[in-house]
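Residues in the sequence shown are numbered from 18 upward in steps of one, following the numbering used here.
Remarks on the structure that follows.
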Amino acid sequence: MASKDNTQFGFTQKWIIYATPAKVFEALTDASIIEKWSGEAAEFNLEKDGRFMMFGNWVEGNVETFVPGKSLSYSWKPNTWGKKTSPSVVKYAFVKHEAGCEIVLEHIGFPNKEESDSHFDGWISSVFEPLNDYFTGV
């Protein structure tokens with residue numbers, strides 16, 4: 018049986034968030050805080066294989082690994098992808114920075130280049146910018 022290695026479609030981004038690594042980790046794993054900065058329903062069970070859902074059920078997945086304030090990874094599958102499409106994988110590293118926290122985000126395993134490109138922009142407009150707005154009170 019042939020299988021397609023779709024890890025070729027992915028990217029890495031670095032972004033500065035104006036809060037400590039511990040606060041940024043919490044803002045990405047506490048459903049009540051996710052709902053505040055995203056403006057949409059969220060669920061996050063911070064445990065190995067714990068389910069998460071964000072953006073009003075647009076995306077869901079399961080926690081793979083985490084070290085509070087240091088790293089986080091989970092599977093990621095938008096509801097717009099077909100049932101046979103494998104989830105992608107999101108990995109964060111949280112690094113202390115003079116302005117707060119540098120997030121190093123790796124998102125791999127997209128089904129195609131178009132999804133990868135769309136998500137690249139989406140992380141900025143739907144996650145990183147709203148997180149900074151949340152932490153700066155905008």
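By construction, the Cβ of each residue, glycine as well, lies at the ideal position given by its N, Cα and C atoms.
Subject >> Helix, strand or coil at residue 63 according to DSSP, with G and I counted as helix >> reply: Of the three classes helix, strand and coil, the one that applies to residue 63 here is coil, per DSSP.
Original post:
Among the residues of its own chain, which have a CB less than 6 Å from the CB of residue 153, if the five just before and after it don't count?
Top reply: 35
Original post:
Leaving out the 5 sequence neighbours to the left and right, which residues in its chain are closer than 8 Å to residue 91 when beta-carbon positions are compared?
Top reply: Excluding residues within five positions, the ones whose Cβ falls inside 8 Å are 69, 78, 79, 80, 81, 106 and 107.
**OP:** Taking residue 51 and residue 59 to be in contact with their CB atoms under 8 Å, please state how far apart those CB atoms are, rounded to whole angstroms.
**Re:** 4 Å
Original post:
Going by DSSP, what residues sit across from residue 108 in a beta bridge?
Top reply: 90 and 123
Original post:
Between residue 144 and residue 103, what straight-line distance do the alpha-carbon atoms span, to the nearest angstrom?
Top reply: Roughly 22 Å between the two C-alpha positions.
**OP:** Excluding the 5 residues preceding and the 5 following residue 149 in the sequence, name in chain order all residues of the same chain whose CB lies nearer than 7 Å to its CB.
**Re:** 34 and 35
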